[in-house]
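Everything on this sheet refers to the single structure shown next.
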Amino acid sequence: MVIMSQVIKEFKISKYFMFGIISGIVIQLFFATFKIVTLNAFVSGNEAASPMNTSQTALYVWVTQMLFAIVPWNVNGKDFDSIRTGSIASELIRPIGLFKLIFVKTISWRMVSFLTRAIPIFFIAFILIHLLSLDELIIQLPTFGYFLMFLISVTFSLILSTLITVLLYSLAFFFTSISNFIGAISSLAFVLSGMIIPLAFYPKQLLFF
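Position one of the sequence shown corresponds to residue 17 (this note's numbering), numbered consecutively onward.
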């Protein structure tokens, strides 16, 4: 119940940043198209030896763009500033634990960021690709079983990402600046999440871990 009320609050706040959200979606659509064309150029050279074919590569890139907001590469500036300046002390008068408060606010913020980008990207890409007959960029819809597993994995990913972000907030209570920590986590998150290079193309020794 607390999470739902916070999600609704975040949705209301996001309306004031609609232009930024739209511009971000346009950039992600362009970047996804460019990345698919680039990766498919490598895959099509020897598709038999590639860990993914061209259609799987296209789907992978679209999914990574839709899940971009879940990756713990940033923090909520508003909540971070409240810790840094000490104004979070006013939140402590509420009958709720500090960890629970930060966790609820963070998971709501990430969930709204994810939904406001993933849903528009999916529908815009799906409709435009079929209207323009761009077979190279096509999104293949999964079966119900795979879709259910996808939703479960996204839910756990959202929780894990939130916990990592809360850890960064916790460090802010002990350090005057955590920009280095945020930079390190951001770099690791992008590399290990497969956002830059698809995980299937990583060496088998790394995939084992």
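Glycine residues also receive a C-beta, built at the ideal position from the N, C-alpha and C atoms.
Keep in mind that this is a model prediction, so the values were computed, not measured.
Look at the alpha carbon of residue 190 and the alpha carbon of residue 95, and state the distance between them as a whole number of angstroms. Annotation: residue 190 to residue 95 spans about 16 Å, alpha carbon to alpha carbon.
By alpha-carbon positions, which one of 123, 90, 136 ends up nearest to residue 173? When each option's Cα is compared against that of residue 173, the closest is 123.
Excluding sequence positions up to five away, which residues of its chain have a Cβ less than 6 Å from the Cβ of residue 59? If we look at residue 59 and ignore the five residues flanking it on each side, its Cβ neighbours are 66, 70, 73.
When the Cα of residue 139 is compared with those of 31, 108, 161, 156, which residue comes out closest? Comparing Cα-Cα distances from residue 139 to each of 31, 108, 161, 156, the minimum goes to 156.
Could you give the distance in angstroms between the alpha-carbon of residue 89 and the alpha-carbon of residue 126? About 11 Å.
Look at residue 41 and residue 82 and say whether their C-beta atoms are less than 8 Å apart. Using a Cβ distance threshold of 8 Å, residue 41 and residue 82 do not count as a contacting pair.
Shortest alpha-carbon distance to residue 33 belongs to which of 115, 106, 128, 111? Looking at the Cα atoms, 128 is the closest of the given residues.
Residue 194 versus residue 62: straight-line alpha-carbon distance, rounded: Roughly 44 Å separates the two Cα atoms.
C-beta contact flag for residue 99 and residue 188 at 8 Å: Inclusion of residue 99 and residue 188 in the CB contact set at 8 Å is warranted, their separation being smaller than that value.
Please report the distance separating the alpha-carbon of residue 147 from that of residue 26. Distance between the alpha carbons of residue 147 and residue 26 is about 34 Å.
Starting from the Cα of residue 202, find the closest Cα among 221, 181, 144 and give me that residue. Considering only alpha carbons, the answer is 181.
Under the rule that 16 or more other beta-carbon atoms within 10 Å means buried, what is residue 177, buried or exposed? Buried is the call here.
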